[in-house]
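Residue numbers (full-length UniProt numbering), protein chains in the order written: chain Y, 1 to 360; chain Z, 1 to 386.
Notes to accompany the following structure.
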Amino acid sequence: MKEKLYPVHIAILVYMIQTGVVVFSLPRIMAEAFGYNGWLMVPVFTLIAALNIGLIAVVYRLSQGRSVFEILERSLTKIGAYPLYLVLIVVWSLLGCMVAKHYVYIFQTMAFPTMHPMLFKLLIDIVAFLLLIKGVYNISKATMSFFVLTAWMGLLLLFFVPDFEFARLTPFLLKGGTETIRGGLNGYTAFLGYELTLLLFPYVNTKKGFIKAVHAGNLLTGVLYTLYAFVAFGFYSLGQLTAFRFPMLDMLSYIRLPFVERIETLFFGFFFFTVLITIVMYIWASTEALNRMFPKAESKLLAAVLLIVIYGVSWLPDTLSKVEIWLKWLGYGQVIIAIGLPVFLILILLILRRKEQGHA
Amino acid sequence: MHNRLVRVAMIVILLGVLAGCGDQRILEKQGFIYSIGYDWLAKGKSAEGSVPGNKVKKDQLSVTVWLPVVSAESGRQHPLILQTVASTGKEGRFRLAKQTELSLASGQMRTALFNLQLASRGIMPYLDGFMRDPAVSQRLKIVVVDGTANEMLKKEYPSHMNTGPYIDHLLEKEVMNNRVPESTLYSFMRDYMDDGVDSVAPIIKQQGTHIEASGIALFDGDRYISRIDSDQTLIFAFLKGSFKYGEINIDLADQERKGEKAMFSSLAGNSKVKIKTLPGERLYRADISIKIHGILLEYLGDLQLNMESDKERLEKAIAAHINNEAESMVKELQKLGVDSIGIGKHVRNSLSYKEWKNIDWKAVYSNMDIRCNTKVTIQSVGKFEK
Chain Y
1 MKEKLYPVHI
11 AILVYMIQTG
21 VVVFSLPRIM
31 AEAFGYNGWL
41 MVPVFTLIAA
51 LNIGLIAVVY
61 RLSQGRSVFE
71 ILERSLTKIG
81 AYPLYLVLIV
91 VWSLLGCMVA
101 KHYVYIFQTM
111 AFPTMHPMLF
121 KLLIDIVAFL
131 LLIKGVYNIS
141 KATMSFFVLT
151 AWMGLLLLFF
161 VPDFEFARLT
171 PFLLKGGTET
181 IRGGLNGYTA
191 FLGYELTLLL
201 FPYVNTKKGF
211 IKAVHAGNLL
221 TGVLYTLYAF
231 VAFGFYSLGQ
241 LTAFRFPMLD
251 MLSYIRLPFV
261 ERIETLFFGF
271 FFFTVLITIV
281 MYIWASTEAL
291 NRMFPKAESK
301 LLAAVLLIVI
311 YGVSWLPDTL
321 SKVEIWLKWL
331 GYGQVIIAIG
341 LPVFLILILL
351 ILRRKEQGHA
Chain Z
1 MHNRLVRVAM
11 IVILLGVLAG
21 CGDQRILEKQ
31 GFIYSIGYDW
41 LAKGKSAEGS
51 VPGNKVKKDQ
61 LSVTVWLPVV
71 SAESGRQHPL
81 ILQTVASTGK
91 EGRFRLAKQT
101 ELSLASGQMR
111 TALFNLQLAS
121 RGIMPYLDGF
131 MRDPAVSQRL
141 KIVVVDGTAN
151 EMLKKEYPSH
161 MNTGPYIDHL
171 LEKEVMNNRV
181 PESTLYSFMR
191 DYMDDGVDSV
201 APIIKQQGTH
211 IEASGIALFD
221 GDRYISRIDS
231 DQTLIFAFLK
241 GSFKYGEINI
251 DLADQERKGE
261 KAMFSSLAGN
271 SKVKIKTLPG
281 ERLYRADISI
291 KIHGILLEYL
301 GDLQLNMESD
311 KERLEKAIAA
321 HINNEAESMV
331 KELQKLGVDS
341 IGIGKHVRNS
351 LSYKEWKNID
361 WKAVYSNMDI
371 RCNTKVTIQS
381 VGKFEK
């Protein structure tokens with residue numbers, strides 16, 4: 001019997017997909033976009049993500065556990081669904097690959113600046129490939145252990161308590177921000193990842209608890225993001241926060257243990273696990289779509305080909321800021337997919353249902 | 001499943017190991033800068049590091065680094081001091097690197113010293129470089145030197161083998177005792193970029209065969225403006241917020257208790273700022289209430305400290321003395337136009353965003369009515385009562 005995912009797997013998986021590289025710049029993005037007390041928007045974003053998950057919940061209920069691809073193909077026909085698949089594959093696989101490259105570039109600002117970034121990228125892709133070919137159940141099992149390896153890092157926030165000052169937060173609410181909408185959209189990309197649960201329908205064990213688990217994962221992300229941002233806003237002055245590229249990294253470098261300091265490189269290494277899951281799941285999602293287009297092909301081969309192709313594409317942006325521009329646009333695309341795809345699916349399902357009722 | 005995890009783990013290890021081949025850093029070939037010092041060289045003065053006898057033709061910068069080096073033969077550690085003249089900080093680093101067989105690394109840098117002349121011209125160009133460089137710690141101490149950083153780092157101190165750690169540890173202890181405020185790259189930049197507070201840094205001075213903390217440097221933006229002398233620094237700590245540790249010698253002559261002296265130790269307490277809006281030109285009033293408690297370790301005077309009423313009289317006299325000092329310090333700061341205590345943060349927090357953006361804070365600050373209200377509690381008078 002095929003092994004299935006339990007709610008706890010789903011919750012942790014959602015949290016791990018959501019937590020990616022954007023978290024390092026999140027406090028800065030919030031400060032730039034919303035100004036004083038920008039951290040307050042993080043819970044709002046969590047709520048927006050939760051509403052979006054609500055859409056997915058409707059799809060889940062209407063589809064009765066059928067795969068999203070099945071639904072699409074039933075209404076659009078196989079050929080009709082292909083262009084959509086193609087878009088999904090391009091956005092998802094590139095997103096996964098740019099997240100990897102972004103991580104490599106940030107890592108290189110701290111260590112190994114003269115190494116060729118694509119060598120790092122290659123190694124990450126190999127790890128991703130090994131996880132990928134084992135299927136989503138095993139990915140989620142690995143996710144559980146990676147979660148344990150990284151979850152304790154939330155405690156590091158305690159180091160900032162002595163320098164935290166409420167007076168620095170100011171009573172101004174969301175004042176002094178610039179480019180609020182674009183910046184806000186950028187900040188929202190930190191929450192992306194929950195939409196991949198659309199593809200998990202056939203792999204879920206019980207009908208009950210699936211959507212609750214997705215909400216739980218999103219809530220965990222939201223709570224941790226809020227804490228990070230809140231602490232950053234009371235630890236740094238607003239002007240300072242907007243000047244840092246990766247405020248969370250600077251915060252990590254402030255931590256000093258009695259026996260060692262400057263261990264941010266090590267801590268940043270731990271974040272690799274959460275980033276790896278983000279990468280793997282986006283590429284997993286695109287191989288799922290690819291599999292629908294080439295049902296006869298070996299899925300391992302498809303994954304390998306996909307990884308090789310996007311490895312080639314990832315040579316294109318060759319600086320950190322170029323990668324960030326790619327990520328920004330892919331992020332916008334993904335926001336549209338995250339909202340648009342469930343809405344589209346709901347429409348299809350409603351039409352299908354009406355047709356079926358008409359026939360009956 | 002087990003095999004797979006092992007394989008993934010192997011790849012992760014491989015990732016680390018392979019990467020190491022590309023960017024090698026061999027410990028013995030690294031020179032870890034411990035202290036870096038910047039001095040201003042005015043035009044026309046002769047400088048070390050330039051050709052002897054040659055006068056500096058334009059305003060320049062002298063950069064000195066102090067680093068510990070372990071000799072390969074004896075295994076002993078000895079200090080290495082390098083110095084050069086340059087027009088920018090980065091150029092200085094570049095020139096210093098040429099003077100040694102070691103590759104200079106800034107990952108272990110603990111103190112950055114700026115001499116007064118340089119600090120009064122602004123230290124942001126140097127801090128900017130530190131902020132950009134991911135190797136430089138956020139805990140790097142920003143220090144102002146009365147004299148020249150070069151001489152301070154070069155000099156040998158008989159009882160301290162290593163000047164770099166000597167300065168670093170001295171500062172840590174002084175900060176702990178609240179004789180100077182903590183000033184790291186993080187905190188300096190934080191206050192520099194905050195619109196409601198100005199940055200401060202400790203001043204150190206070479207005194208014969210030792211170095212001592214000689215006061216607090218007050219900055220307006222990134223420029224050194226003035227200083228608080230070392231006998232007044234604890235008053236500054238009282239004003240700045242919560243504090244722990246520290247001791248103060250009090251001469252009660254100004255409280256009509258001529259010849260009476262008290263030594264007050266193990267001090268702890270806090271200060272709170274309240275802002276009131278006033279009608280008229282002065283706009284705002286700040287009330288700083290300071291609460292201090294501690295142990296009286298020495299008292300020369302007529303009061304009988306075993307009597308509660310006398311103890312209270314002494315408490316009041318000490319409080320009045322500290323209050324006077326605090327108020328005159330605040331007045332001085334207002335006159336200088338530097339808000340080193342951070343009154344601005346509290347004013348900002350009592351206003352709406354629009355009001356805060358519309359006031360000219362510096363002008364309002366200089367004109368503000370700021371009052372102190374000090375309360376002193378003598379917790380104990382030691383283990384001896386007369």
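Ideal Cβ positions, reconstructed from N, Cα and C, are used throughout, including at glycine.
Go to residue i, then tell me how far its beta strand (DSSP E) extends in each direction, as first and last residue.
i, result
"R223(Z)", "223-229"
"P79(Z)", "77-86"
"H215(Y)", "Looking at the DSSP string, H215(Y) is not in any beta strand (DSSP E); the run it does join, the alpha helix (DSSP H), is 210-235."
"G37(Z)", "35-41"
"N358(Z)", "N358(Z) -> not in any beta strand (DSSP E); alpha helix (DSSP H) instead, spanning 353-358."
"V70(Z)", "60-70"
"I248(Z)", "248-251"
In chain order, what residues of the same chain lie with their CB nearer than 8 Å to the CB of residue i, ignoring the 5 residues before and after it?
i, result
"A100(Y)", "K121, I124, D125, A128, V275, I279, S314"
"L249(Y)", "F24, I106, M110, E264, F268"
"V69(Z)", "G31, Q77, H78, P79, L80, L102"
"L347(Y)", "none"
"R245(Y)", "S25, R28"
"M131(Z)", "L185, M189"
Where do the ends of the alpha helix (DSSP H) carrying residue i lie?
i, result
"G92(Z)", "89-98"
"N306(Z)", "Element bounds for N306(Z): n/a, residue is neither H nor E."
"S93(Y)", "68-110"
"I133(Y)", "Careful: I133(Y) lies outside any alpha helix (DSSP H) and carries neither H nor E."
"S253(Y)", "247-254"
"R371(Z)", "From DSSP, R371(Z) is part of no alpha helix (DSSP H) but of the beta strand (DSSP E) over 369-380."
"L26(Y)", "22-34"
"Q64(Y)", "Unbroken run through Q64(Y): none, as it is neither H nor E."
"Q240(Y)", "238-243"
"Y282(Y)", "264-293"
Quick one: does the C-beta of residue i sit closer than 6 Å to a heavy atom of the ligand HEM?
i, result
"M307(Z)", "Ligands displayed in this structure: none; no statement on the ligand HEM is therefore possible."
Can you list, in chain order, the residues of its chain whose CB lies under 6 Å from that of residue i, leaving out five sequence neighbours each side?
i, result
"S266(Z)", "G294, I295"
"A213(Y)", "P7, I10, A11"
"G193(Y)", "I17, Q18"
"L297(Z)", "M263, S265, G382"
"T374(Z)", "I290, A319, I322, N323"
"R348(Z)", "G196, W356"
With DSSP as the reference, identify every bridge partner of residue i, one or two as the case may be.
i, result
"Q108(Z)", "Bridge partners of Q108(Z): none, in fact."
"E298(Z)", "M263(Z)"
"T178(Y)", "Answer is none; T178(Y) lacks a bridge partner."
"V200(Z)", "L218(Z)"
"Y157(Z)", "H160(Z)"
"F160(Y)", "BP columns for F160(Y) are empty, so no partner."
"G31(Z)", "L104(Z)"
"S187(Z)", "Per DSSP, none; premise fails for S187(Z)."
"L5(Y)", "V204(Y)"
Looking only at its chain, what residues have a beta carbon closer than 7 Å to the beta carbon of residue i, apart from the 5 residues adjacent to it on each side?
i, result
"L199(Y)", "V68, A285, E288"
"V51(Z)", "Low per-residue confidence applies at V51(Z): pLDDT is 46, beneath 50, and the placement is therefore not dependable enough to give any value."
"L131(Y)", "I139, A142, V280"
"V21(Y)", "V99, H102, Y103, I106, V275"
"G49(Z)", "Its pLDDT being 46, under 50, G49(Z) is placed unreliably by the model, and the measurement read from it follows with that caveat. Within the same chain, G49(Z) has close Cβ partners S62, Q83, T84, V85."
"E70(Y)", "none"
For the stretch 219-243 of chain Y, enumerate the residues whose C-beta is nearer than 9 Å to any C-beta of chain Z, in chain order. F235, Y236, S237, L238, G239, Q240, L241, T242, A243
Anything in the stretch 327-357 of chain Z with a Cβ closer than 9 Å to a Cβ of chain Y? List those residues in chain order, please. For chain Y, the residues of the stretch 327-357 of chain Z that bring a beta carbon within less than 9 Å of one of its beta carbons are G342, K345, H346, R348, N349, S350, L351, S352, Y353, K354, W356, K357, in chain order.
Check distances from the C-beta atoms of the stretch 183-214 of chain Z to those of chain Y and list, in chain order, the residues that come in under 9 Å. T184, Y186, S187, M189, R190, D191, Y192, M193, D194, D195, G196, V197
Can you list, in chain order, the residues of the stretch 103-120 of chain Z whose Cβ is nearer than 9 Å to any Cβ on chain Y? G107, Q108
By the 8 Å beta-carbon criterion, what residues does the stretch 109-121 of chain Y contribute toward chain Z? Contacts with chain Z (Cβ-Cβ distance below 8 Å) from the stretch 109-121 of chain Y involve T109, M110, A111, F112, P113, T114, M115, H116, L119, F120, listed in chain order.
Unbroken stretches of the alpha helix (DSSP H), 4 residues or longer, contained in the stretch 114-143 of chain Z: 116-119, 124-132
Against chain Z: residues of the stretch 57-89 of chain Y by CB proximity under 7 Å: Cβ proximity to chain Z below 7 Å picks out nothing from the stretch 57-89 of chain Y.
Give me the subset of the stretch 262-280 of chain Y whose CB atoms are less than 7 Å from a CB atom of chain Z, sorted by chain position. R262
Which residues, taken in chain order from the stretch 270-298 of chain Z, show a beta carbon closer than 8 Å to some beta carbon of chain Y? none
So if I threshold CB-CB distances at 9 Å, which residues from the stretch 126-139 of chain Y count as touching chain Z? I126, V127, L130, L131, K134, N138
Output needed in chain order: residues of the stretch 232-252 of chain Z with a Cβ under 7 Å from some Cβ in chain Y. none
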